[in-house]
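Engineer: Here it is: the structure, laid out below.
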Amino acid sequence: MNLKKFSQLMIPEIEDGIKSTIRVDIPDSFPGLIEMMNYHFGWLENGKSQKSQGKQIRPIILLLCNSICGGDWYKALPAAIAIELIHNFSLIHDDIEDQSELRRGRETLWKIYGIPQAINTGDAMFSLAQINMLKVGNEFNKQIGFDALHILNETCLILTGGQNLDISFEKETKFSLERYLLMVGGKTAALLSASAEIGAITALTTESNRNVLRNYGHALGLAFQAWDDWLGIWGEEEQTGKSTSSDLISGKKSLPIIFALDKGGDFSRIYLSAGANQENFQELHFLLENCGAKEFTENIAKQYTDIALKSLEEIQVSDQNAFDSLLELTDLLIKRKN
């Protein structure tokens, strides 16, 4: 079985699980909340049901890691659902904090329903994640459930710490790769690391496998965000669903921008004195690529992808098909166009 076949089995189960927890765990007396969740996930557009646009990367990683370690991925579904709910809770809040009006080519939740309702929907999604992670104890035992829930909440703290740094960076003028990696380690890598580790935990595997997959997920997260930053400036808008000017104009300190500011030169001079706007965007875009930021970002993404793959050499594999599929997914993430 390859990645495509695993995904064809797993994604419907993940989506059905999320729809089920929204339908069952949210009282019928709150239809507005249910509607907003369905809209965010892409299942509702102009009052009509739609197919989801989400890629389900994190829950798929969790389930593949579970299989690699000899587990029954179906039993780990509550954990995978919880991870995807936490990811989307963070996206809803991030869109508000970043004032992002588009996600996956659609208007963001806050843009449609307003900031207060979007915050509230994100909070409810966080609670649904807790409810689903608590089910892990029922599938396995209380200790496994406690460990998974502890990792989930510890990860949420790290995630919000990374977001705190990201927001703070918008007003800072001095940066370093080390500070960037600290921020990304919280904002992006922490949840991917938790996904891989919880996959191992729910397979009742060895401590060694658990550590390997935790480290794999962290390195993958750094590579994933570096490539995401690349796409934010050089990606195709039709593919990414967002404007290639948004990262520059919003003041976001993505990896290419941090590299260019640290290097100095014309980009740094213009960006720090006048900021980025629609009038100077094309010039800044040219200077950004011309100073080597594009190639640097590509190299960082590749470097951490290699680290992630190298760490997997130490794992004890129980399911070779799942392992090969994880390798395939890792490769695809660094070559994705959205």
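So in our numbering the end of the sequence shown lands on 1167, straight run, no missing numbers.
Positions of the beta carbon are idealized from the N, C-alpha and C atoms, including for glycine.
This one's a predicted model, so the numbers in the text were calculated from it and none came from an experiment.
Tell me the DSSP secondary structure of Leu1033 in three-state form.
Structural biologist: In the sequence shown, counting from the first residue as 1, residue 1033 sits at position 204. If DSSP states are grouped into helix, strand and coil, Leu1033 belongs with coil.
Engineer: Can Asp1051 and Ile1062 be called in contact, C-beta distance under 9 Å?
Structural biologist: Position 222 of the sequence shown, counted from the first residue, corresponds to residue 1051. Position 233 of the sequence shown, counted from the first residue, corresponds to residue 1062. Checking the sequence shown, residue 1051 turns out to be Leu, not Asp. Result no, Cβ atoms of Leu1051 and Ile1062 do not sit closer than 9 Å.
Engineer: Just how far apart, CA to CA, sit Met962 and Pro907?
Structural biologist: The count along the sequence shown starts at 1 and reaches residue 962 at position 133. The count along the sequence shown starts at 1 and reaches residue 907 at position 78. Going from the Cα of Met962 to the Cα of Pro907 covers about 6 Å.
Engineer: Let me know if Asp995 comes out buried or exposed under the rule of 16 or more other beta-carbons within 10 Å of its beta-carbon.
Structural biologist: Locating residue 995 in the sequence shown gives position 166, counting from the first residue. Buried, because 16 or more other Cβ atoms sit within 10 Å of the Cβ of Asp995.
Engineer: Determine the burial state of Asn867: buried for a count of at least 16 other Cβ atoms within 10 Å of its Cβ, exposed for fewer.
Structural biologist: Walking along the sequence shown from the start, residue 867 turns up at place 38. Flag for Asn867 reads buried.
Engineer: Could you give the C-beta distance for Ala1029 and His1047, rounded to a whole number, given that I count them as a contact under 8 Å?
Structural biologist: As a position in the sequence shown, residue 1029 is number 200, starting the count at 1. As a position in the sequence shown, residue 1047 is number 218, starting the count at 1. No, Ala1029 and His1047 are not in contact; Cβ-Cβ is about 13 Å, not under 8 Å.
Engineer: Buried or exposed: which applies to Leu1162, given that a residue is buried once 16 or more other Cβ atoms fall within 10 Å of its Cβ?
Structural biologist: Taking the first residue of the sequence shown as position 1, residue 1162 is located at position 333. Buried.
Engineer: Would you mind stating whether Gly991 and Leu1021 have Cβ atoms separated by less than 9 Å?
Structural biologist: For the purposes of this step, residue 991 is taken as residue 162 along the sequence shown, with counting starting at 1. For the purposes of this step, residue 1021 is taken as residue 192 along the sequence shown, with counting starting at 1. No, the pair does not count as a contact, with Cβ atoms beyond the cut-off.
Engineer: Which one of Thr1034, Glu1026, Asp927 and Leu957 has the shortest CA to CA distance from Leu862?
Structural biologist: By one-based count along the sequence shown, residue 862 stands at place 33. Among Thr1034, Glu1026, Asp927 and Leu957, the Cα nearest to that of Leu862 belongs to Leu957.
Engineer: In the DSSP assignment, what residue or residues form a beta bridge with Glu936?
Structural biologist: Numbered from 1 along the sequence shown, position 107 holds the residue referred to as residue 936. Looking at the DSSP assignment, Glu936 forms a beta bridge with Leu931.
Engineer: Once the 5 residues before and after Thr850 are set aside, which same chain residues still bring their CB inside 8 Å of it?
Structural biologist: Against the sequence shown, residue 850 aligns to sequence position 21. Ile910, Leu914, Leu957, Ile960 and Asn961, listed in sequence order.
Engineer: Under 8 Å by Cβ, that's how I've got Gly846 and Thr1031 pegged, so tell me the actual separation to the nearest angstrom.
Structural biologist: For this step, residue 846 is matched to residue 17 along the sequence shown. For this step, residue 1031 is matched to residue 202 along the sequence shown. Rounded, the Cβ-Cβ distance is 14 Å, inconsistent with contact.
Engineer: Here's a check: name, in chain order, each residue in its chain whose Cβ is nearer than 8 Å to the Cβ of Asp952, leaving out the five neighbours to either side.
Structural biologist: Here residue 952 is taken as the residue at index 123 of the sequence shown, counted from 1. If we look at Asp952 and ignore the five residues flanking it on each side, its Cβ neighbours are Phe918.
Engineer: Can you tell me where the alpha helix (DSSP H) holding Arg1165 begins and where it ends?
Structural biologist: Here the question's residue 1165 lines up with position 336 in the sequence shown. No alpha helix (DSSP H) holds Arg1165; DSSP gives it neither H nor E.
Engineer: Thinking C-alpha only, which one of Arg1165, Tyr1045, Ile1129 and Phe955 is nearest Phe1152?
Structural biologist: In the sequence shown, counting from the first residue as 1, residue 1152 sits at position 323. Comparing Cα-Cα distances from Phe1152 to each of Arg1165, Tyr1045, Ile1129 and Phe955, the minimum goes to Tyr1045.
Engineer: By Cβ distance, which residues of its chain are closer than 6 Å to Asp1240, with the 5 residues on each side in sequence left out?
Structural biologist: Any question about residue 1240 goes unanswered here, given that the chain covers just 830 to 1167.
Engineer: To the nearest angstrom, how far is it from the Cα of Ala977 to the Cα of Leu1113?
Structural biologist: In the sequence shown, residue 977 corresponds to position 148, counting from 1. In the sequence shown, residue 1113 corresponds to position 284, counting from 1. Their backbone Cα atoms lie some 45 Å apart in a straight line.
Engineer: Where does Glu1026 fall in DSSP's three states?
Structural biologist: Translated into the one-based positions of the sequence shown, residue 1026 becomes position 197. Looking at Glu1026 - three-state DSSP - the assignment turns out to be helix.
Engineer: Go ahead and label Phe975 buried or exposed: buried means 16 or more other beta carbons lie within 10 angstroms of its beta carbon, across all protein chains shown.
Structural biologist: As a working note, residue 975 is residue 146 in the sequence shown. By the 10 Å Cβ count, Phe975 comes out exposed.
Engineer: Go through its chain and collect everything with a Cβ distance to Glu936's Cβ below 7 Å, but skip five positions before and after it.
Structural biologist: Position 107 of the sequence shown, counted from the start, is the residue given in the question as residue 936. For Glu936, where only same-chain residues beyond five positions count, the Cβ hits under 7 Å are Glu930.
Engineer: Is the beta carbon of Leu1141 within less than 8 Å of some heavy atom of the ligand HEM?
Structural biologist: Judged by which ligands are present, the structure shown has none, so any question about the ligand HEM falls away.
Engineer: Taking 6 Å as the limit between beta carbons, can you name the residues of its chain near Phe1125, skipping five residues before and five after?
Structural biologist: Counting from 1 along the sequence shown, the entry for residue 1125 is found at position 296. Result list for Phe1125: Phe1088, in chain order.
Engineer: Taking contact to mean 3 or more Cβ pairs, one atom from each stretch, closer than 8 Å, check whether the segment 891 to 900 and the segment 1032 to 1044 are in contact.
Structural biologist: Cβ pair count under 8 Å is three or more, so yes.
Engineer: Let me know the secondary structure DSSP gives Glu1001 once reduced to three states.
Structural biologist: Counting from 1 along the sequence shown, the entry for residue 1001 is found at position 172. If DSSP states are grouped into helix, strand and coil, Glu1001 belongs with coil.
Engineer: Let me check understanding here. Comparing Cα to Cα, which of Trp902, Ile944, Ile912 and Lys904 lies closest to His922?
Structural biologist: Along the sequence shown, read from residue 1 onward, the residue named residue 922 stands at position 93. It is Ile944 whose Cα lies nearest to the Cα of His922.
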